[in-house]
Each structure stands twice: as C-alpha cells, then as structure tokens.
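Peer 1: Sharing a structure below in structure tokens format, with a few things to ask.
There are 2 protein chains.
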Amino acid sequence: MPTNRAQRRGRPGHDRDDVIRAGVQLFNEQGYDATSVSDLTTRLGVTKSALYHHVDSKAQILQIALDEALDGLEEALQTALTHPTPGERLTAIVDGAVRVLTARQPQVTLLLRLRGNSDIEMAALERRRRFDHTVTDLVREAQAEGLVRADLDAGVATRLIFGMINSVVEWYRPDGPVDPALLGAEIRAVALDGLRPRP
Amino acid sequence: MPTNRAQRRGRPGHDRDDVIRAGVQLFNEQGYDATSVSDLTTRLGVTKSALYHHVDSKAQILQIALDEALDGLEEALQTALTHPTPGERLTAIVDGAVRVLTARQPQVTLLLRLRGNSDIEMAALERRRRFDHTVTDLVREAQAEGLVRADLDAGVATRLIFGMINSVVEWYRPDGPVDPALLGAEIRAVALDGLRPRP
DNA sequence: GTCTATAAATGGATAGAC
DNA sequence: GTCTATCCATTTATAGAC
Numbered sequence: 043m044p045t046n047r048a049q050r051r052g053r054p055g056h057d058r059d060d061v062i063r064a065g066v067q068l069f070n071e072q073g074y075d076a077t078s079v080s081d082l083t084t085r086l087g088v089t090k091s092a093l094y095h096h097v098d099s100k101a102q103i104l105q106i107a108l109d110e111a112l113d114g115l116e117e118a119l120q121t122a123l124t125h126p127t128p129g130e131r132l133t134a135i136v137d138g139a140v141r142v143l144t145a146r147q148p149q150v151t152l153l154l155r156l157r158g159n160s161d162i163e164m165a166a167l168e169r170r171r172r173f174d175h176t177v178t179d180l181v182r183e184a185q186a187e188g189l190v191r192a193d194l195d196a197g198v199a200t201r202l203i204f205g206m207i208n209s210v211v212e213w214y215r216p217d218g219p220v221d222p223a224l225l226g227a228e229i230r231a232v233a234l235d236g237l238r239p240r241p
Numbered sequence: 043m044p045t046n047r048a049q050r051r052g053r054p055g056h057d058r059d060d061v062i063r064a065g066v067q068l069f070n071e072q073g074y075d076a077t078s079v080s081d082l083t084t085r086l087g088v089t090k091s092a093l094y095h096h097v098d099s100k101a102q103i104l105q106i107a108l109d110e111a112l113d114g115l116e117e118a119l120q121t122a123l124t125h126p127t128p129g130e131r132l133t134a135i136v137d138g139a140v141r142v143l144t145a146r147q148p149q150v151t152l153l154l155r156l157r158g159n160s161d162i163e164m165a166a167l168e169r170r171r172r173f174d175h176t177v178t179d180l181v182r183e184a185q186a187e188g189l190v191r192a193d194l195d196a197g198v199a200t201r202l203i204f205g206m207i208n209s210v211v212e213w214y215r216p217d218g219p220v221d222p223a224l225l226g227a228e229i230r231a232v233a234l235d236g237l238r239p240r241p
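Structure representation (structure tokens):
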C-alpha cells in the first residue's frame with residue numbers, strides 16, 4: 043500500500059492529519075493567535091498553497107482539535123454517569139477527565155485556553171460550560187451524601203478540583219517520567235484527602 | 043487640583059494608568075496576541091496617536107502589568123520565608139499567593155497565560171520559574187517534616203496545589219460573591235485536607 | 001501535492017498639525 | 001492630549017501552472 047507512512051518519505055507528501063497535528067502543536071507552543079499560517083508552513087516545510095490544499099482555513103484546524111477534546115470529555119462524562127452511586131460517579135469523572143487530558147493533551151490544552159474570539163471558540167466554550175455544569179451536579183450530589191465537605195459551595199469546589207486537574211496540561215508530557223494512570227490516582231487522592239498525611 | 047479624576051471628565055483626557063488598565067483588561071478578555079492596538083483605541087475612544095502619546099508600545103503595557111504581578115508574588119514569597127517553621131512558611135505562601143492573585147487578578151492572569159513569544163515574555167517566565175522553584179523547596183521541606191505526604195514528588199505536589207490556586211484567576215471576580223480572605227482559607231483547607239470531610 | 005505570484009485587509013507604529 | 005493621514009510589514013487566503 044502506498045498509503046504507508048514510511049513509504050511516503052522522500053519529499054513531504056503530507057496529508058490532512060499531518061497538518062492538523064503540526065498546527066495543534068504550534069498553537070500550543072505559541073498560542074493560536076500568535077501563530078501565523080506562515081509559521082505553520084515553515085514548520086511543515088511547504089508553501090501556503092500546499093497547506094490550503096489540505097485544510098480550508100487556520101480556524102478549521104482549531105475546530106477539529108477542539109471537537110476531539112470535547113468529544114473525549116463528554117464521552118468520559120457519559121460513562122461516569124452510568125455508575126450506580128454518587129461516589130463512584132465522582133471518582134469516575136475525575137479519573138476519566140485525567141485520562142482524556144493526558145491522552146489528548148494537545149487538543150485539551152487548546153480548549154482550556156480559549157477566549158471566545160470567534161464563533162468556533164464560542165461554540166466550543168458553550169459545550170465546555172455544559173460539561174462543567176453537569177460535573178458540578180455530580181459534586182453537589184456527592185455533598186448531599188456526605189462524601190464531600192458541604193461547607194464549600196459546589197461550584198467553587200468543582201472549580202478548585204478541576205483547576206488542579208486541568209493544570210496538568212501545562213506540564214504533563216506523554217514521554218515524561220509521570221505515568222498517566224498513576225497521576226489519575228494521585229490527583230484523586232490529593233483532591234479527596236489533601237496533601238496532609240492521613241492520621 | 044486639576045489632576046482630580048472627577049474633574050477630568052468631559053472629553054477623554056486619559057493618562058498612562060488609564061491606558062495600562064484598559065489594555066490589561068482587554069488582553070485578558072481576548073488574549074494579548076488577539077488584541078490589536080486598534081481594539082484598545084476603540085475601547086478608550088481615542089486614536090492610535092493619542093494612545094502612543096501615553097505608552098511606547100503594546101508590549102510595554104504587557105511589561106508593566108507582568109512586573110506588577112511578579113513583584114507581588116516575589117514579595118509574598120519573601121514574607122513567607124521569614125516564618126520560623128516549614129509549616130508556617132508553606133501556609134504563608136499559599137495564603138500570600140491567593141491574596142496577590144485576587145488583589146492583582148488581571149496582572150497575574152496575564153502572567154499565567156504567557157507563552158514566551160518575545161523577550162519580555164521570556165524574561166517574565168524566567169522570574170516565574172524562579173518563584174516556582176523556591177516554592178517547590180518549601181513543599182519539599184514540609185514533606186521532610188511530615189506535614190505533606192512524602193509519597194508524592196515535590197514538584198508534582200507543588201504543581202497540583204498551584205494548579206488549584208492559579209485556576210482562581212479564571213473565575214474569581216473582585217465584585218463577585220466570593221470573599222478573597224475566605225477563599226484563601228478554603229483553598230488552604232482543601233489543599234491540605236482535601237474535599238472529603240474529616241472523620 | 002506542491003509551486004510562484006498576488007490579492008485584500010489588518011497589524012504596529014510615526015509625522016506633524018492643533 | 002488628541003487628531004488626520006500615512007508607512008510598511010505581515011496577515012489570511014486564492015488563482016492558476018506543473
């Protein structure tokens with residue numbers, strides 16, 4: 043098959059996935075707005091015309107990446123919701139979010155940095171708000187069961203725990219020393235029991 | 043005195059502080075790179091020439107704001123270091139960081155979103171790295187005393203707790219319902235003891 | 001799948017008058 | 001302190017050839 047990746051080497055011969063991947067990586071290094079199409083063509087070693095043969099626009103690259111991030115998070119949330127008890131649902135969404143965030147780190151990073159500067163960004167932020175809202179419901183439910191401190195506002199508690207979770211995109215590297223599965227367990231432990239050793 | 047703010051009303055009559063304040067606010071709404079000088083002049087209701095009478099460049103506005111953020115954080119760190127015990131030093135820097143972050147929210151927000159796209163950004167990131175490094179030392183010290191779980195890498199623990207703290211800039215509003223002093227205590231409690239109710 | 005060439009708009013910044 | 005007018009580099013994107 044000539045579609046084989048190894049056989050394509052010699053002169054570029056990029057496909058759409060190459061462009062998306064390189065674009066997302068560059069957006070994360072420099073920021074979406076600070077990255078020009080020229081920056082991207084330079085990194086890929088092609089001209090603008092070649093790039094526009096694969097994608098419709100710079101914004102489309104962002105759109106595709108954001109969809110991958112949101113699809114992953116929403117899927118993790120749906121799975122978490124199938125668990126029978128509030129405690130299981132809460133731990134499932136914490137684990138699930140960390141898993142998606144490490145598995146699709148570049149795409150989720152873009153999502154978390156959005157400012158709503160275009161229709162695409164605003165639509166993605168709206169999907170994210172719905173996700174956050176449902177997670178807040180899970181936290182509130184866990185509070186009612188006495189699994190989470192009830193003296194904290196559910197919204198604040200959710201923001202704090204997801205602040206911790208989401209910050210992982212800023213330093214986690216797939217090829218680094220931190221095991222993503224272990225990290226999920228550690229975050230769950232710190233979120234529920236804190237940094238202080240249990241007596 | 044004609045320098046009085048109320049008496050300046052009528053036609054714009056801005057000063058440098060007005061420009062900085064509006065610039066930082068706009069940078070936070072849209073992102074630094076996505077904000078054009080024209081966006082800023084539109085918000086202020088003046089022309090570009092008027093704006094450039096007050097500041098040398100768009101980058102200078104960023105520079106001034108970043109210095110305010112970093113000065114505040116470094117000051118809080120120095121104060122924390124004067125405390126006699128590791129436990130006090132750790133709680134002091136957590137409280138201090140939350141205090142600076144709520145008091146200078148716009149400036150710190152800019153700092154936390156930097157990508158290192160210019161010399162100014164890289165210099166600020168270097169100062170921030172030094173801050174993070176010293177805080178990690180405080181966490182390591184607290185681990186040695188048994189005040190913080192020793193099974194966690196000090197760097198990971200620091201990143202998780204500051205992930206929680208720093209995420210506050212994304213939703214805290216000075217005129218909102220959350221009291222900044224209370225928030226500091228709550229974050230300290232959640233960071234040390236977790237979300238689960240203590241037995 | 002990639003190229004050269006170019007369009008059309010917007011970017012940051014300045015000159016010089018009032 | 002603000003204006004009009006302008007410079008020039010860079011931006012996203014396209015036309016049409018190979």
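As given, the protein sequences belong to chains A and B, one line each in that order.
Taking the working numbering, the leading residue of the first sequence gets 43, the next gets one more, and so forth.
Taking the working numbering, the leading residue of the second sequence gets 43, the next gets one more, and so forth.
All C-beta atoms, glycine included, are put in the ideal place defined by N, C-alpha and C.
Small disclaimer: the values here were computed from a predicted structure and weren't measured.
Going straight from the alpha carbon of alanine 101 of chain A to that of glycine 87 of chain A, what length do you get?
Peer 2: 20 angstroms
Peer 1: Return the residue from the list B:Leu108, B:Pro126, B:Asp75 that minimises the CA-CA distance to proline 148 of chain B.
Peer 2: For the options B:Leu108, B:Pro126, B:Asp75, the alpha carbon positioned closest to that of proline 148 of chain B is the one of B:Leu108.
Peer 1: Using a Cβ-Cβ cut-off of 8 angstroms (strictly less than) and excluding sequence neighbours within five positions of valine 136 of chain A, which residues of its own chain qualify?
Peer 2: Ile203, Ile207, Gly226, Ile229, Arg230, Ala233
Peer 1: Report the three-state DSSP secondary structure of histidine 56 of chain B (helix, strand or coil).
Peer 2: coil
Peer 1: Taking 6 angstroms as the limit between beta carbons, can you name the residues of its chain near threonine 178 of chain B, skipping five residues before and five after?
Peer 2: Ala196, Gly197, Thr200
Peer 1: Can you tell me whether serine 209 of chain A is buried or exposed, with buried defined as 16 or more other CB within 10 angstroms of its CB?
Peer 2: buried
Peer 1: Which residue spans inside the region 105-191 of chain A form an unbroken alpha helix (DSSP H) run of at least 4?
Peer 2: Entirely contained in the region 105-191 of chain A, the alpha helix (DSSP H) runs reaching 4 residues are, in chain order, 128-145, 147-154, 161-186.
Peer 1: Report the option in A:Arg215, A:Pro219, A:Leu189 whose CA atom is closest to the CA atom of arginine 240 of chain B.
Peer 2: A:Leu189
Peer 1: For the region 66-92 of chain B, which residues have a beta carbon sitting closer than 9 angstroms to at least one beta carbon of chain A?
Peer 2: Asn70, Glu71, Gln72, Gly73, Tyr74, Asp75, Ala76, Thr77
Peer 1: For glycine 236 of chain B, does the three-state DSSP call read helix, strand or coil?
Peer 2: coil
Peer 1: May I ask you to verify whether the region 62-79 of chain A touches the region 153-162 of chain B, counting CB pairs closer than 8 angstroms and requiring at least 3?
Peer 2: These segments touch.
Peer 1: Distance check for glycine 129 of chain A and alanine 92 of chain A, CA to CA, integer angstroms please.
Peer 2: 51 angstroms
Peer 1: Output needed for glutamate 110 of chain B: all residues of its chain with C-beta closer than 7 angstroms, excluding positions within five of it in sequence on either side, in chain order.
Peer 2: Arg146, Gln149
Peer 1: Under a CB-based cut-off of 8 angstroms, is glycine 218 of chain B close to chain A?
Peer 2: no
Peer 1: Taking DSSP as the reference, what is the three-state secondary structure of serine 99 of chain B?
Peer 2: coil
Peer 1: Taking only the alpha-carbon atoms, compute the straight-line gap between alanine 139 of chain A and alanine 118 of chain A and give it to the nearest angstrom.
Peer 2: 7 angstroms
Peer 1: Within the continuous alpha helix (DSSP H) that includes glycine 197 of chain A, where are the two ends?
Peer 2: 196-208 is the span of the alpha helix (DSSP H), which, as asked, contains glycine 197 of chain A.
Peer 1: Beta-carbon separation of leucine 132 of chain B and alanine 184 of chain B under 8 angstroms?
Peer 2: yes
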